[in-house]
Amino acid sequence: MAGNVILILGGTREAIEIACDLEQIENTTVITSLAGVTRSPRLPTGKVRFGGFGGKDGLFDYLIREKITLVVDATHPFAEKITKNASEASERANIPFLHFSRKPWKETAQDKWYEVENSKAAASTLTQKDFECAKNVFLTIGRKDVNCFYSINTKQFFVRSIEPVKELACFDNMKWIQGRGPFTFQDEYTFFKEHSIDCLVAKNSGGYSSYPKINVARFLGIPVVLVQQPKSINLKKIYDREALTAFVLHDLSR
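Under the working numbering, the residues of the sequence shown are numbered 75 to 328, in order.
So this is what it looks like as structure tokens:
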């Protein structure tokens with residue numbers, strides 16, 4: 075297995091952990107690719123590159139140029155475009171492609187979930203009668219989808235992120251809160267109480283790092299509008315890091 079080069083498409087906590095795992099494989103170089111959107115991101119072990127590839131054609135060129143022998147997609151479960159591009163570019167380059175993801179959270183009897191397909195549907199749900207009394211909404215669906223909620227003037231939205239979302243300043247119903255996770259149950263409980271949160275809008279990202287807010291909503295009896303993980307990409311998913319390492323070793327031994 076001499077001279078193997080693994081490309082990890084990162085940006086998640088799991089990607090950092092995977093890079094650490096794969097760095098232990100003998101005679102293997104690990105490169106993690108980050109989008110470069112966040113300033114001062116947490117960096118994994120091994121080599122790191124920043125920025126996009128220029129679509130699937132640009133990614134294909136990169137795979138050939140850097141002599142990549144295996145691609146591990148450990149991006150966010152909602153990063154559909156990069157997953158699709160990576161899968162197609164890897165297939166074209168005849169390079170093994172492994173898709174690591176998080177199992178979606180499952181609703182319990184104590185939860186009050188309203189599951190929807192996308193952020194537009196989530197915004198529409200908030201205008202229904204069931205949510206008339208919800209005034210302070212914690213919006214955790216990512217900065218790209220916040221615009222779906224701009225027109226809802228009957229509620230106050232709280233958006234928490236590492237970097238400022240400048241366009242929020244143009245809307246009276248939007249308030250930006252700076253914060254960098256992971257957040258504990260106590261962190262989230264304090265946030266909910268300080269801002270009188272009575273509704274949570276989130277993506278079903280799965281995993282454990284962002285689950286405390288779901289736990290707090292359950293504890294306080296607060297409704298959750300939950301965007302389901304996309305189903306448009308029909309790829310086999312690996313949910314366990316040990317299983318992923320086993321697949322990597324198997325593919326590199328061919």
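C-beta: ideal position from N, C-alpha, C; glycine also.
Spatial neighbours of residue 137 in its chain, beta-carbon cut-off 8 Å, leaving aside the 5 residues before and after: 81, 145, 163, 164, 167 and 169
The beta strand (DSSP E) with residue 268 in it runs from where to where? It is not in any beta strand (DSSP E) - residue 268 instead sits in the alpha helix (DSSP H) that spans 259-268.
Span of the alpha helix (DSSP H) holding residue 165? 154-166
Alpha helix (DSSP H) containing residue 319: first to last residue? 315-326
If you draw a straight line from the alpha carbon of residue 286 to that of residue 254, how long is it in whole angstroms? 14 Å
Let me confirm a value: residue 212 is counted as buried when at least 16 other C-beta atoms fall within 10 Å, else exposed. Which label applies? buried
Report the rounded CA-to-CA distance for residue 75 versus residue 260, giving the unit in angstroms. Summary for residue 75: the model assigns pLDDT 43, below 50, so the residue's position carries little reliability, and this model does not support an answer.
Which residue spans inside the stretch 203-255 form an unbroken beta strand (DSSP E) run of at least 3? 210-214, 230-235 and 248-252
If contact is defined by three or more beta carbon pairs under 8 Å, each pair taking one atom from either stretch, is the stretch 198-206 in contact with the stretch 289-307? yes
Terminal residues of the beta strand (DSSP E) in which residue 276 lies: 273-277
Contacts around residue 134, its chain only, beta-carbon distance under 6 Å, and the 5 residues preceding and following it disregarded: 163, 166 and 167
Counted within 10 angstroms of its Cβ, other Cβ atoms place residue 272 as buried (16 or more) or exposed: buried
By the 10 Å Cβ neighbour count, where 16 or more other Cβ atoms means buried, how is residue 118 classified, buried or exposed? buried
Residue 246: buried (16+ other C-beta within 10 angstroms of its C-beta) or exposed? exposed
Backbone secondary structure at residue 80 - three-state DSSP: strand
Same chain, Cβ closer than 7 Å to residue 92, five either side skipped, listed in chain order: 82, 146, 148, 174, 315 and 318
Would you decide whether residue 200 is buried or exposed? Buried here means 16 or more other CB atoms lie within 10 Å of its CB. buried
Go through its chain and collect everything with a Cβ distance to residue 325's Cβ below 7 Å, but skip five positions before and after it. 144 and 170
Given residue 251 as reference, the closest of 232, 257 and 124 once Cα atoms are compared: 232
Taking its Cβ as the centre, do 16 or more other Cβ atoms sit within 10 Å of residue 256, making it buried, or is it exposed? exposed
Neighbourhood of residue 239 by C-beta distance below 7 Å, restricted to the same chain and skipping five residues each side: 217, 220, 233 and 250
Give me, in chain order, the residues of the same chain whose beta-carbon lies closer than 6 Å to that of residue 112; leave out the 5 immediate sequence neighbours on both sides. 236
Starting from the C-beta of residue 151, find all residues in its chain whose C-beta is less than 7 Å away, skip the five residues before and the five after it, and write them out in chain order. 175, 176, 279, 280 and 303
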